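Below is one structure, written out as C-alpha coordinates, with a few remarks after it.
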Amino acid sequence: MKVETYEAENGVRINVKTDREVAVVVYSNGEERIYLPDGSGSDSTYYVGNNSGLAETEKGYSVLHEGSVDDLTVLG
3 MKVETYEAEN GVRINVKTDR EVAVVVYSNG EERIYLPDGS GSDSTYYVGN
53 NSGLAETEKG YSVLHEGSVD DLTVLG
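Numbering (my numbering) for the sequence shown: 3 to 78.
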(Lines of atoms letter the chains of each structure in order from A; the text may use other names.)
(Lines give C-alpha, C1' and ligand atoms only; values in the text may rest on other atoms or scores of the structure.)
Protein backbone atom coordinates (compact mmCIF):
# COMPACT_ATOMS: atom_id res chain seq x y z
CA MET A 3 0.00 0.00 0.00
CA LYS A 4 1.26 3.47 -0.87
CA VAL A 5 -0.23 6.77 0.35
CA GLU A 6 0.45 10.09 -1.40
CA THR A 7 -0.80 13.53 -0.37
CA TYR A 8 -0.46 16.83 -2.15
CA GLU A 9 -1.88 20.33 -1.95
CA ALA A 10 -4.83 20.93 -4.26
CA GLU A 11 -6.83 24.06 -5.04
CA ASN A 12 -9.57 23.25 -2.51
CA GLY A 13 -7.62 21.29 0.12
CA VAL A 14 -5.43 18.20 0.19
CA ARG A 15 -5.69 15.35 -2.32
CA ILE A 16 -5.08 11.93 -0.74
CA ASN A 17 -4.31 9.00 -3.04
CA VAL A 18 -4.05 5.45 -1.72
CA LYS A 19 -2.58 2.85 -4.07
CA THR A 20 -3.83 -0.55 -2.95
CA ASP A 21 -5.61 -3.65 -4.18
CA ARG A 22 -7.97 -3.89 -1.19
CA GLU A 23 -10.78 -1.80 0.30
CA VAL A 24 -9.62 0.82 2.82
CA ALA A 25 -10.86 3.70 4.96
CA VAL A 26 -8.92 6.93 5.46
CA VAL A 27 -9.03 8.77 8.81
CA VAL A 28 -7.97 12.43 8.59
CA TYR A 29 -7.15 14.53 11.66
CA SER A 30 -7.50 18.26 11.04
CA ASN A 31 -7.79 21.19 13.46
CA GLY A 32 -8.69 18.93 16.39
CA GLU A 33 -11.36 17.06 14.43
CA GLU A 34 -11.49 13.59 12.91
CA ARG A 35 -12.97 12.82 9.50
CA ILE A 36 -13.41 9.27 8.21
CA TYR A 37 -13.62 8.61 4.48
CA LEU A 38 -15.12 5.30 3.38
CA PRO A 39 -15.34 3.92 -0.16
CA ASP A 40 -18.30 5.49 -2.01
CA GLY A 41 -21.55 3.88 -0.92
CA SER A 42 -20.13 2.19 2.18
CA GLY A 43 -21.68 4.57 4.69
CA SER A 44 -25.14 4.87 3.19
CA ASP A 45 -26.66 2.43 5.69
CA SER A 46 -24.72 3.69 8.70
CA THR A 47 -26.50 4.59 11.94
CA TYR A 48 -24.04 7.45 12.38
CA TYR A 49 -24.78 11.02 11.28
CA VAL A 50 -23.23 11.72 7.90
CA GLY A 51 -22.56 15.44 7.35
CA ASN A 52 -21.04 15.10 3.91
CA ASN A 53 -21.31 11.72 2.25
CA SER A 54 -18.50 12.16 -0.27
CA GLY A 55 -16.27 9.14 0.15
CA LEU A 56 -13.22 7.61 -1.38
CA ALA A 57 -13.49 7.50 -5.15
CA GLU A 58 -12.20 4.26 -6.62
CA THR A 59 -9.37 4.71 -9.11
CA GLU A 60 -7.57 2.27 -11.38
CA LYS A 61 -4.94 1.60 -8.70
CA GLY A 62 -6.79 2.28 -5.44
CA TYR A 63 -8.70 5.25 -4.00
CA SER A 64 -8.62 9.03 -4.00
CA VAL A 65 -10.32 11.74 -1.94
CA LEU A 66 -10.10 15.53 -1.67
CA HIS A 67 -10.08 16.65 1.98
CA GLU A 68 -11.24 20.25 2.18
CA GLY A 69 -8.84 21.86 4.63
CA SER A 70 -5.47 21.07 6.14
CA VAL A 71 -4.32 17.62 7.23
CA ASP A 72 -2.51 17.36 10.57
CA ASP A 73 -2.27 13.56 10.44
CA LEU A 74 -3.91 10.64 8.66
CA THR A 75 -4.34 6.91 9.12
CA VAL A 76 -5.27 4.33 6.50
CA LEU A 77 -7.25 1.34 7.76
CA GLY A 78 -7.69 -1.79 5.75
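Note that beta-carbon positions come from the ideal geometry of N, C-alpha and C, so glycine has one too.
Predicted, not measured: the structure shown is a model, and the values here were computed from it.
Grab me the residues of residue i's own chain with a C-beta within less than 6 Å of its C-beta, minus the 5 sequence neighbours each way, in chain order.
i	result
GLU6	ASN17
THR20	MET3, GLY62
Do residue i and residue j have their CB atoms nearer than 8 Å?
i	j	result
PRO39	GLU23	yes
TYR37	ASP72	no
LEU56	VAL65	yes
Can you check which of these residues, the options, is closest to residue i by C-alpha distance?
i	options	result
GLY69	TYR63, GLY62, GLU33	GLU33
Using the Cα positions of residue i and residue j, report the straight-line distance between them to the nearest angstrom.
i	j	result
ASN31	LEU77	21 Å
GLY62	ALA10	19 Å
GLY13	HIS67	6 Å
TYR8	ARG15	5 Å
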